[in-house]
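Numbered per our numbering, the sequence shown spans residues 4 to 266.
One structure is given below, encoded as structure tokens.
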Amino acid sequence: MNTETLTQLKEWFTQYVSGYYTGAYDFDRNIRLKEDHTHRVCQNMLLICRSLNMPPADCCLAEAIALFHDVGRFEQYRRYQTFNDMKSKNHAYLGLQVMARHRVLSGKDIQERRILTHAIACHNAATLPDQDSERALLFKKLIRDADKLDIWKVVIDYYRERSVNPNKTIELDLSDRPECSPEALNALRKGRFARMQDMKTLNDFKLLQISWAFDLNFKKSFQILRERQYIERIAETLPDFPELTDAVENVFRYIRKMTENGS
Numbered sequence: 004m005n006t007e008t009l010t011q012l013k014e015w016f017t018q019y020v021s022g023y024y025t026g027a028y029d030f031d032r033n034i035r036l037k038e039d040h041t042h043r044v045c046q047n048m049l050l051i052c053r054s055l056n057m058p059p060a061d062c063c064l065a066e067a068i069a070l071f072h073d074v075g076r077f078e079q080y081r082r083y084q085t086f087n088d089m090k091s092k093n094h095a096y097l098g099l100q101v102m103a104r105h106r107v108l109s110g111k112d113i114q115e116r117r118i119l120t121h122a123i124a125c126h127n128a129a130t131l132p133d134q135d136s137e138r139a140l141l142f143k144k145l146i147r148d149a150d151k152l153d154i155w156k157v158v159i160d161y162y163r164e165r166s167v168n169p170n171k172t173i174e175l176d177l178s179d180r181p182e183c184s185p186e187a188l189n190a191l192r193k194g195r196f197a198r199m200q201d202m203k204t205l206n207d208f209k210l211l212q213i214s215w216a217f218d219l220n221f222k223k224s225f226q227i228l229r230e231r232q233y234i235e236r237i238a239e240t241l242p243d244f245p246e247l248t249d250a251v252e253n254v255f256r257y258i259r260k261m262t263e264n265g266s
């Protein structure tokens with residue numbers, strides 16, 4: 004993909020999203036949340052791609068994937084007033100439907116279209132398919148890393164101001180009870196990411212966010228995570244009890260290991 008095509012896609016995206024703003028504060032802040040998130044994911048994507056010395060055409064393709072990875076969020080929120088896929092529709096597939104309906108990729112290279120749409124379809128999946136080509140798998144891993152790196156920022160910014168500006172949409176309407184579920188704690192102990200279906204409280208959701216570290220793929224991603232201290236800043240918002248501290252420390256050990264030894 005060349006820079007001219009990428010510029011055209013960015014212009015389409017900006018115009019498309021502008022149609023979702025209503026002038027109502029509570030609605031528009033969630034549209035703005037996802038629009039701003041998209042632009043930062045594009046920035047994260049370029050940081051990772053450059054660390055891998057990817058050719059310019061591949062960087063453009065990767066940035067296009069980042070641009071459209073959450074395009075379904077806007078329609079999701081307008082229809083259902085939630086970002087919870089389990090209470091509405093899978094936002095990745097909503098996004099692919101939007102792109103197909105508007106013929107966003109019409110006339111584009113068929114191989115690039117396939118890579119882009121498959122990466123979007125998998126960006127929020129629990130696991131990646133194991134039958135992919137090495138090239139297709141690369142782009143799927145890239146968007147998952149770039150996305151997580153900004154979701155961490157979004158939730159940390161929110162937790163900082165939550166007491167004065169609560170937003171149940173970000174919290175997925177989870178209870179703010181002080182406990183953590185055994186399933187979420189065990190995930191951290193065992194070095195795997197927690198599951199959405201195990202989320203019972205907001206603290207569980209925070210543990211899920213911390214556990215995403217186990218699903219990062221590139222050394223640069225771990226370096227960014229460590230430099231920005233995202234895990235530490237989420238952990239600061241959790242209750243202080245030994246079982247939880249030990250579980251989070253396992254994540255810190257993994258991040259240190261991958262920062263030093265990752266590829």
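No residue lacks a Cβ here, since even glycine has one placed at the ideal position from N, Cα and C.
- In the DSSP annotation of this structure, the continuous segment of the alpha helix (DSSP H) that includes Leu152 starts and ends at Glu137 to Glu164.
- Ser224 carries a helical assignment under DSSP once its states are collapsed to helix, strand and coil.
- Contact between Gly98 and Val74 holds, with the beta-carbon distance rounding to 4 Å and staying under 8 Å.
- Lys260 has its alpha-carbon roughly 19 Å from the corresponding atom of Ala238.
- For Ser214, the enclosing alpha helix (DSSP H) stretches over residues Leu205 to Ser214.
- With respect to the 8 Å criterion, Lys209 and Leu241 are classified as neighbours on the basis of their beta carbons.
- For Gly75, the enclosing alpha helix (DSSP H) covers residues Gly75 to Tyr83.
- For Ser178, the pairing in a beta bridge is given by DSSP as Thr204.
- For the pair Asn206 and Glu174, the CB atoms are not nearer than the 8 Å cut-off.
- Nearest Cα to Asn127 within the set Ile118, Val107 and Asp148: Asp148.
- For Thr41, the number of other beta carbons within 10 angstroms of its own is at least 16, and it is reported as buried.
- Under the three-pair Cβ rule at 8 Å, the stretch 156-170 does not count as touching the stretch 246-264.
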